[in-house]
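One structure is given here, and the rest of the page talks about it.
Protein chains in written order, with the numbering used here: chain U, 1 to 231; chain F, 1 to 249.
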């Protein structure tokens, strides 16, 4: 039931996003861990693959695997304050639409991923890449994939947070669901990071796949989220 | 309730399946290229199609559960997914045997249908631990429905994405398998498909009936305990703990 006293969507959204960003700035719960994890993973790949320079599909595989697992770390924690400190109850009491929380958390996750990539992708380039010109178009792929991660991650995290095996369930449920995203993202990235400079082979097609996937799971998440909040 | 007609349905299923596989072995012509081993096609493909349709139907039932808040839809959704996972195992095994026989390897990553099916199967395998991890029954039912909807939407998208990944690298002629089939093979295939779908429905009904019965048994047991008879712990199975509860109906 909407009443005249409902807090407007945008105002509620802004309040939750700012709250989360402020908490993150003060506690540094997620982002430093994600960045550190990603950089360490690069080091492990350097020895695991025994390569000092990467290009093409190998480079794209390394960067996306690393980003995915770093994202899982963040996704695991995105609803933690809500659960541990009674944020869910407070939210249920507040006169706002339920899906606001989904959009807000997805936005926060998106921002986390952007910050993560702003730090980690240049580090990756310094460590492994000889040809940097593919990084500019890569931004588009990164943003499109982040949107999918944010929507699915928020949905999965809110499903897992109220279960007993939270830390276990997030990767378990999320990884199969993001396989198509990874297919499209790595497919586009491997051509962008080719040793001889970026090629835009199938770039548009992959972007279309990413867009379609993002769109559908944003809608699904938005539609089903309120059922996860009922108690 | 769901027990009614189960016997007739079982007989019908057995007859259609028997007819289908009699056609497969004695009537339909041998495949010119593959010979006898091509006959696994009539087992493998119907299994896969029925499993995928069952997954999507589980999503639809999940949606209906969220809309109506009727626990029967959650039970349907659970059983649909459960039986489809079983069919999925059979699909993967028959597929791998066929792949070994025709391509020489148990697993071929270039085959988009194979890979998509594996991804979908892996996703639905997580349905069990997920359900099991939520203790509150109402919440479990609601969350499972959300999972079923999300995963149901995922099935077609995943097939599209994987097919694109492969077909762009290895251009192939998009002749659908049905399109290229001669009439007799097509007919046999359809009989097998119908038989397999009937088998799925029979198993679903059987499973639902089992759930209902065990729900009634534990209800009666509790009534007995309330009157002071019997104090032995009911011997529970894992299945009972994650399976949706049908006592209310």
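Glycine included, every Cβ here is placed at the ideal spot set by N, Cα and C.
Per the coordinates, the alpha-carbon of residue 210 of chain F lies some 29 angstroms from the alpha-carbon of residue 162 of chain U.
Around the beta-carbon of residue 199 of chain U, fewer than 16 other beta-carbon atoms lie within 10 Å, marking it exposed. Within chain U, no C-beta atom comes less than 7 angstroms from the C-beta of residue 112 of chain F; the nearest is roughly 10 angstroms away.
Here the alpha carbons of residue 78 of chain U and residue 157 of chain U stand approximately 7 angstroms from one another.
Exposure of residue 8 of chain U is indicated by the presence of fewer than 16 other C-beta atoms within 10 angstroms of its C-beta. Per DSSP, reduced to three states, the secondary structure at residue 130 of chain U is coil, with no helix or strand assignment. By the criterion of a C-beta distance shorter than 8 angstroms, residue 224 of chain U is surrounded in its chain by 155, once the five residues flanking it on both sides are discounted. Sequence-distant Cβ neighbours of residue 20 of chain F in its own chain, meaning closer than 6 angstroms and more than five residues away, are 191, 192 and 195. Three or more beta-carbon pairs separated by less than 8 angstroms are not found between the region 217-226 of chain F and the region 72-86 of chain F, which leaves the two stretches without contact. When DSSP states are grouped into helix, strand and coil, residue 103 of chain F belongs to the helix group.
Interface flag for residue 227 of chain U against chain F is set, since a Cβ pair is found closer than 7 angstroms. Below the 9 angstroms Cβ cutoff, chain U contributes 159, 160, 163, 165, 169, 172 and 173 as neighbours of residue 130 of chain F, in chain order.
Here the alpha carbon of residue 108 of chain F sits roughly 22 angstroms from the alpha carbon of residue 190 of chain U.
Residue burial is scored here from C-beta neighbours: residue 95 of chain U has fewer than 16 other C-beta atoms within 10 angstroms and is therefore classed as exposed. When the beta-carbon positions are compared, residue 99 of chain F and residue 47 of chain F stay at least 7 angstroms from each other. Judged by DSSP secondary structure, residue 196 of chain U falls outside any alpha helix (DSSP H); it is assigned neither H nor E.
DSSP places residue 54 of chain U outside any alpha helix (DSSP H), giving it a letter other than H or E. If you draw a straight line from the Cα of residue 214 of chain F to the Cα of residue 220 of chain F, it comes to about 10 angstroms. Chain-order list of chain U residues neighbouring residue 147 of chain F: 159 and 173, by C-beta distance under 8 angstroms. If you compare the alpha carbons of U:216, U:140, U:217 and U:177 with that of residue 68 of chain U, the shortest gap goes to U:177. Counting along the chain, the unbroken alpha helix (DSSP H) around residue 212 of chain F starts and ends at 183-226. Residue F:119 holds the alpha-carbon nearest to the alpha-carbon of residue 172 of chain U among F:135, F:97 and F:119. The three-state reading of DSSP puts residue 120 of chain F in helix, counting H, G and I together. Taking residue 38 of chain U as the centre and dropping the five residues before and after it, the same chain places the C-beta of 66, 70 and 120 closer than 6 angstroms to its C-beta, in chain order. When 8 angstroms is used as the limit between beta carbons, residue 155 of chain U is near these residues of chain F: 146 and 150, in chain order. By a beta-carbon distance limit of 8 angstroms, residue 51 of chain F does not contact residue 95 of chain F. Their separation comes to about 11 angstroms. The region 143-153 of chain U and the region 100-120 of chain U touch, with no fewer than 3 CB-CB distances between them shorter than 8 angstroms.
CA-to-CA, the gap between residue 49 of chain F and residue 197 of chain F works out to about 9 angstroms. At a cut-off of 7 angstroms, the C-beta of residue 8 of chain U has no neighbouring C-beta in chain F. Counting only Cβ-Cβ distances below 7 angstroms, residue 133 of chain F has contacts in chain U at 163, 164, 165 and 169, in chain order. In chain order, 216, 217 and 220 make up the part of chain U whose C-beta sits under 8 angstroms from the C-beta of residue 153 of chain F. Apart from the 5 residues on each side of it in sequence, residue 222 of chain U sits with its Cβ closer than 8 angstroms to the Cβ of 99, 102 and 103 in its chain, given in chain order. DSSP places residue 157 of chain U inside the alpha helix (DSSP H), whose first and last residues are 135-160. Here residue 197 of chain U is exposed, its C-beta having fewer than 16 other C-beta atoms within 10 Å. Restricted to the region 13-60 of chain U, the alpha helix (DSSP H) segments that are unbroken, complete and at least 4 residues in length are 31-49, listed in chain order.
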